[in-house]
Structure formats: structure tokens, C-alpha cells
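For the sequence shown, this note's numbering begins at 3 and goes up steadily by one.
The C-beta atom is built at its ideal place from N, Cα and C for all residues, glycine as well.
No experiment lies behind these values; they were computed from the predicted model shown.
Here the structure is laid out as C-alpha cells; the discussion comes afterwards.
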Amino acid sequence: MRAEILLEGIVQGVGFRPFVYRCAVRNRLVGYVQNRQDAGIMMVVEGSKRDVKRFISELKSNKPPLARIDNFSVKYGRAQGEFEEFRIVKSALVREISGSVVPPDISICQECLKDLQSLSNRRHGYFFITCTDCGPRYTVIRDTPYDRPNTMMQRFHMCKLCQKEYTDPADRRFHAQTIACGDCGPSVYLTDKKGNRVRSDDPIRDAGKLIDEGSIVAIKGNGGFHIACATTKDDPIARLRRVKHRAEKPFAIMARDLETIKSFAYVNRKEAALLESYVKPIVLLRKRRDFCLSDLIAPGLFNLGVMLPYTGLHFMLFENAKEPAFIMTSGNPPDEPIATGNSEALKRLGPDVDFFLFHDREIAQRCDDSVVRVVGKNIAMIRRSRGYAPAPIHVEMDVDGCVLGVGAELNVTCCLLMQKKAFLSQHIGDIETPETLVFLKRTIQHLSKLTRSEITRVACDLHPGFATTKLAFKIAESCHVPVIKVQHHYAHIAKLMAENDVDEVVGIACDGFGYGEDGKAWGGEILHCSSNGYERIGHLEEHLMLGGDLATKFPLRMVASILGDVEGIDEWLNSKAAYFPHGQKEIEIVLAELGRKKGLYTSSCGRVLDAVSALLGICYSRTYEGEPAMKLESTAAYGKDALKLQPRIQGEILDTRLLLEEVYRRRDSLPVADLACSAQSYLARGLAELAVSGAERLELPTIGFSGGVAYNEQITLAIRDFIQERGFRFIMHNRVPPGDAGISFGQAIVAGRT
3 MRAEILLEGI VQGVGFRPFV YRCAVRNRLV GYVQNRQDAG IMMVVEGSKR
53 DVKRFISELK SNKPPLARID NFSVKYGRAQ GEFEEFRIVK SALVREISGS
103 VVPPDISICQ ECLKDLQSLS NRRHGYFFIT CTDCGPRYTV IRDTPYDRPN
153 TMMQRFHMCK LCQKEYTDPA DRRFHAQTIA CGDCGPSVYL TDKKGNRVRS
203 DDPIRDAGKL IDEGSIVAIK GNGGFHIACA TTKDDPIARL RRVKHRAEKP
253 FAIMARDLET IKSFAYVNRK EAALLESYVK PIVLLRKRRD FCLSDLIAPG
303 LFNLGVMLPY TGLHFMLFEN AKEPAFIMTS GNPPDEPIAT GNSEALKRLG
353 PDVDFFLFHD REIAQRCDDS VVRVVGKNIA MIRRSRGYAP APIHVEMDVD
403 GCVLGVGAEL NVTCCLLMQK KAFLSQHIGD IETPETLVFL KRTIQHLSKL
453 TRSEITRVAC DLHPGFATTK LAFKIAESCH VPVIKVQHHY AHIAKLMAEN
503 DVDEVVGIAC DGFGYGEDGK AWGGEILHCS SNGYERIGHL EEHLMLGGDL
553 ATKFPLRMVA SILGDVEGID EWLNSKAAYF PHGQKEIEIV LAELGRKKGL
603 YTSSCGRVLD AVSALLGICY SRTYEGEPAM KLESTAAYGK DALKLQPRIQ
653 GEILDTRLLL EEVYRRRDSL PVADLACSAQ SYLARGLAEL AVSGAERLEL
703 PTIGFSGGVA YNEQITLAIR DFIQERGFRF IMHNRVPPGD AGISFGQAIV
753 AGRT
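If you want it as C-alpha cells, here you go:
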């Protein structure tokens, strides 16, 4: 019997061909297995009917753990007797299918870690140790098929011992494309900030000692550079904040092991599983009351982002170090993509660091660390990047052609949607510089190349001024395809519907800003959404954004807008003159502008949270995206709902002035933490009531929550509980970021239905 089998999905770069080889030999079959340029796998087997059937069954049930089969097609026929054995043959340049792609990067496996740490192993202390089960994938591949000549390992020729392992079916490095050792693979070296080599017999462990001593070290990884420093010393962190222009923004840290993490943060079972998974993302964890690291790591916040080592190099950094954890922040100047090239890093990071830890393998695709948070029992994806991207997200909808979503303005990703699969890119960043826009363009090109797709539609945000909107029209013009503009909050709910396979829903979409159909700044919306479109059925009260974008940077302006005619507010604002860039003169201008009642109005939930944060003295100015609201949540975590204020809803609009008035009135009689908690509770109950009212009227069973505010645990769980207690199904995100990092996915979904 003969079987010709074609597999699509994540089947290259996960040890599938070696698995097929062993499976075929075990079942006494002859034939071949072959990678294809379209990222699929083709195999032909011949043998008895019983053996062929068993082989196919084993392919489906015992596939490698990191593999994913999206399509499994078999064509049976008579044996032709053309084979004498089973072989892995040279890859074919065949591009019949689209929609398959190489897997994301995979953290070091336990077997390689044992080899790394074993004195008797020939790869002891070799930082680039990998096998078929682990190592870089997306960040090293230039093209498919996933063979060594198509990776950044091309110039490193295998030594005899590596070649023997590579060709031995019994070895776990059998056809491992990144196989290397200290004799034939990439090397690592230490330099000063100007690129002059520092004499060192053990560059990685010496770098760990330098960090211990207070130095700032730029470290080249798989997908870009990290900037590292100690976590128990204030001085290097303060210096790092100055050079990176990050006055308050939290730094991510890498701890040596899980037990160490538990010494400074609370870790539940789900968070521990994420930390130790093959993805090794940054996980937001709640600080312990007796927090033992520097308060400069995440000032004003009750949580911090922590990850575990995910490469051999990371484990070696800690071997002789005394620090329990290192700051590991992305190596990039403000508002620019993470640095990848050695000379580029010297130029961009050299002025800000003391030393560099380089290696000589080039990076094909920059890729930041992923960031996740556990909200209740649900995983909230904050940044879906290393370890996740570009693995496709399955959707239950048939799409004609290939749809590109380009994202909005902040936390941008791109998305290619085709054949029930959505390929969401790694983190691109905020499109505020030409460098980031170029990164987005190149990522679109690279992802299109890997998936063998031709774009047939382009989706973008409704905002005409976004750089991504302009890019969408340029791409559409060059490809001769149409552009579909998608309202920001409809895209949020559309992605939620697609992820949960729901056709119609009442959606709560809350964030800082989204361009509305009426030209106003939306951000606290109740939408009735279906595959046919959306209708705005409720929202937060609208307030004037005094000074436009200045109101997002200085939330006292929102306090003035909302409470401008309240008795005593002038005096209170004047007492905060130091927090206005131009003091009392600016306050006079702000109040005069309020009297004219002209300008941009917003229903943004983010702006209300910002105003409460400023009103309570928690955060008067925003130095990074979401800062006032994040610090408000951190304060609220230690409080209770003392106000128990009942939501005031008129004409499907939630009164938020009432909330600010009550907080202002009780600011001296109740603890700040209780008022912060009360404010979040009011918003959660009010939004939930609006959504339930809409769902009852429309006779819909499902209500969902999306947008950046969905990262707030108190608000999310309060909304969930209210909705479920009233008998409705509540849906939230698990695989796609609730915030703008997932907006490209929602745009593509809407355009895919058009």
C-alpha cells in the first residue's frame, strides 16, 4: 500500500521530520519525508496496509508536543516499489499552499539545560545549546523551508561531532537546524561601551559579576538586546532611568528560579505554570508586603513583571552572581524598536551602558518578550510576542483571500488572516518614530513571505491621522486591493467575538482613546455587535478634553473639565499649580477654555480613571502609557468599596461626574485606597448595568469585555460577577491581547467578513 501525505500547520522546526522518520522505521515502512517551501511537510510511505494505517494513526496521536496540524490530507494508492528505505530528503521548493509558518522561539528544554550544566558533557557552558525541542525559530529564519541554509546559522558549518548527531536518528539533535557547539557554533564576547574587547575567559559569567557590582550591561539575545542591571541596588536603576528617559515606567526583571521569585512576589499555581512554560513570558505578579528588591523597579505599583531564564546564556549569567534577579528591559532608545545588530547596538545603546555582551549570530527578526497577567483564573495577554508569535490563532470563519490588519497607533502589531488562521505578529511598538514604522513594514513583508500569502484586502483604524492608516492606503495602492476602515472599539469586540466563536454579542469596550464615528474620542462604550456590523447602545458621560492630548499627559486637566464648576475647585487646582507645566497661569487658561465649552469631547474610561488618580494625589502626570490608571489600580488593591455609590444612568449614559464629585467631597474623610477602590467599583457596576440592560432589550445571552481597561483585575472581575449573577454568559480574552496589541486581529476579522 502507498500513502501520499501532506501536512499543514506548525510542522517545521518542531522535530517533525525526525519524528516521522522514527515512526516510519518502527512500522517497517519505506519512502521519504520532505519539507516544502510553503512550510508544509510532504511524505510518501509504502508498506503493508496495516503498517501504513498504524503509521498514520501515530502521526496524529503522538506528534511532537510543539507541533500543530491544521490540515492532514492523505492520498492512497498501490505500492510502486521505488524505495528501499525511509529517508529524510532535501527540501522541495513547492508553494502550493499558504497559511503554514515556522513556530515561535522555544525556551531551553530540560535536557539541554542538563547538558549545559554537566561537567562531562561536551556542550558544558556552551551558551547556544539547542536541540529539536528547543531554541530560536522565528528569530533565526529568513525563509522557508525551515532548513539550516535558510537560517542565520548558515555560515556556521557543523563540526564532525555535530554532523554525526545531526544525521543520527537516535539522537535528539537529529535534523536540529540550530545545532552547534563551542567548536563550530556562534561565539560570545565582552566589550566596553565603545566596542573594545574586554579580556575574559568566561564572558557570560563575568557579565553576571559586572551586573552584581553595579554595572549596566547590554546583552544580545535571540530576538534583540536586553539592558541588564542589579535589582537590589538603587544607583544603577536610577542611572538606567535617566539614560532611558523612563522616570516611572516599570522595568521587567529576570529571576534565577521560581523559589527566588516567591521571595519577593506572590505566585499562584497558574502564574507558576506560565513562568515555567516553554514560552517563559514575563508574568505580572503581585509584590510581597515585605518586598526585598529596590522600589525603583516598579514605583507606585503593586505588581511587577517577572520572567525566568529562557536561554543557556541567561542561566549562565546567574551562576556566579549574588543578585536574586536582574533587570532585563528591552535594549532600545525611547520610542524606537529593540536593537538587533552589534554595530547598531553600539551606536544606539553605547552612550547609556557600561559593557556589551555580544554574540556573532545575526538576528533575522527582532522580537520582544511576551507579557501576560492572570486575571481571576483567566490569562490576559498583554504583549503577545516571543514564544507565541507568529503561531496562528484558529478562527471559525472562512476568509476569501488574505486580509491584512495594520493596527492602530499604540502597542501595534500586524495580522494576516486567511484560511481560518490569523497570524498575529510579534510586538512592533508605538508608531511614533520612522524607525518603528519601518519595522512594521518589514514585519508585514516577512510574515507575508513566510506564509506565502498575497494580500487581497487591507484593514486599518478609522482615525485618518494615524501613520498606520496612511500605510494601509499605500499598501493597498501597491497591491491594487481595497482598504476597509474599522472603528476602533468595534475592532476590539470583533476580536473578542472571533476568539470565543460568537456571532452576536453586547460588548463593553473600554480604553483610553478610539476615534468615534461622530469624530469624538470614544473609550467607554457599550456596543451591540454582530457579523453585520455594530451599533453604539450606551457609553460613559462625555467630558471636554481640555487641551486635547495634553489632557492625557496631565490628568488634572480632566479633573478641571469634570469638576470645573464645583465650589472650591479653583482653590484646590491652584494648590496643585506645581503639577501644571506653567503653574497658575496655565490653570487660568484651562478654566477659561472650559467656559467656552469648545474642543474635543471624550467618553473615555481611561480619562475618568486618570482624573480619579489625580484627584486622589496618586498620579498627577503621565510619564508612560496608562500610568495614572495603573497606579490607581495598585492603590485600590489595598482598599474597599467604602462609598458603595449606586450608578446613575440616564438615557443609556453612565454619569461619571457624580463619581468625581463624591470622591472630591470625601477625599479628606476616607482613606485614599478605599476611594480608589470605590471609584473602580462604580465604573464596573455602571458599565455592567448598561450592558445587561442592552442584552435584555436585544434578547442576547452573551456579554463580553475588551479594551485596555480589561487588564484591570478589580474592574474585570466586578463586571464578570455582576453579569453572571444576572444569568448572562460572560466572555473575555485568553489568546489575544484585550488592548491595542490585538486590534489588528479585530480589524482583519471585520474586513474578512466584508
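Item	Value
Through-space distance from G641 to L672, alpha-carbon basis	10 Å
Whole-angstrom distance between A178 and C111, CA atom to CA atom	13 Å
Backbone CA spacing between G628 and D612 [nearest angstrom]	8 Å
Distance, V13 Cα to G187 Cα	25 Å
C-beta atoms of G706 and L498 nearer than 9 Å	yes
Cβ-heavy atom distance, E113 to the ligand ADP, below 8 Å	The ligand ADP is absent from the structure shown, which contains no ligands of any kind.
L160 versus I181: straight-line alpha-carbon distance, rounded	Looking at the sequence shown, residue 160 is not Leu but Met. Each residue's alpha carbon lies about 8 Å from the other.
Contacting residues, own chain, Cβ-Cβ under 6 Å from H361 (five flanking each side not counted)	P188, V190 and K222
Own chain residues within Cβ distance below 6 Å of P335, not counting five before or after	R350
Minimum C-alpha distance to K196 - residue among C294, L286, N123 and F358	F358
Distance between A511 and I457 (C-alpha atoms, nearest Å)	29 Å
Selection from Q36, D72, E48 and D400 that minimises the alpha carbon distance to E10	D72
Counted within 10 angstroms of its Cβ, other Cβ atoms place Q165 as buried (16 or more) or exposed	exposed
Neighbourhood of L719 by C-beta distance below 6 Å, restricted to the same chain and skipping five residues each side	G378
Distance, E215 Cα to I395 Cα	44 Å
Coarse secondary structure for T153, derived from DSSP in three states	strand
Inter-residue spacing [alpha-carbon to alpha-carbon] between D237 and D356	14 Å
C-alpha distance - G83 paired with L8, whole-angstrom precision	20 Å
Exposure of V104, with buried meaning 16 or more beta-carbon neighbours within 10 Å	buried
Buried or exposed (CB count within 10 angstroms, at least 16 for buried), Q447	exposed
For K555 and R624, believed in contact at Cβ under 8 Å, the rounded distance	5 Å
Paired residues, beta bridge with H228 - DSSP	I221 and S332
For N29 and S93, the rounded distance between their alpha carbons	23 Å
Per-residue DSSP class, three states only, for Q428	coil
C294 classed as buried or exposed, judged by whether at least 16 other C-beta atoms fall within 10 angstroms	exposed
Beta carbon of C462 nearer than 9 Å to that of T453	no
CB of M741 within 9 Å of CB of N413, strictly	The residue asked about is misnamed: residue 741 is Gly in this sequence, not Met. In this structure, N413 lies closer than 9 Å to G741 by Cβ.
Beta-carbon gap between R385 and P138 smaller than 9 Å	no
Test item: CB-CB of V568 and E663 under 9 Å	yes
contact_flag[the segment 423-431, the segment 530-546] where n(CB pairs < 8 Å) is 3 or more	no
Cβ separation of T342 and R363, assumed to be a contact under 8 Å, to the nearest whole Å	Not a contact, Cβ separation roughly 11 Å.
Where the alpha helix (DSSP H) containing V752 begins and where it ends	I745 to G754
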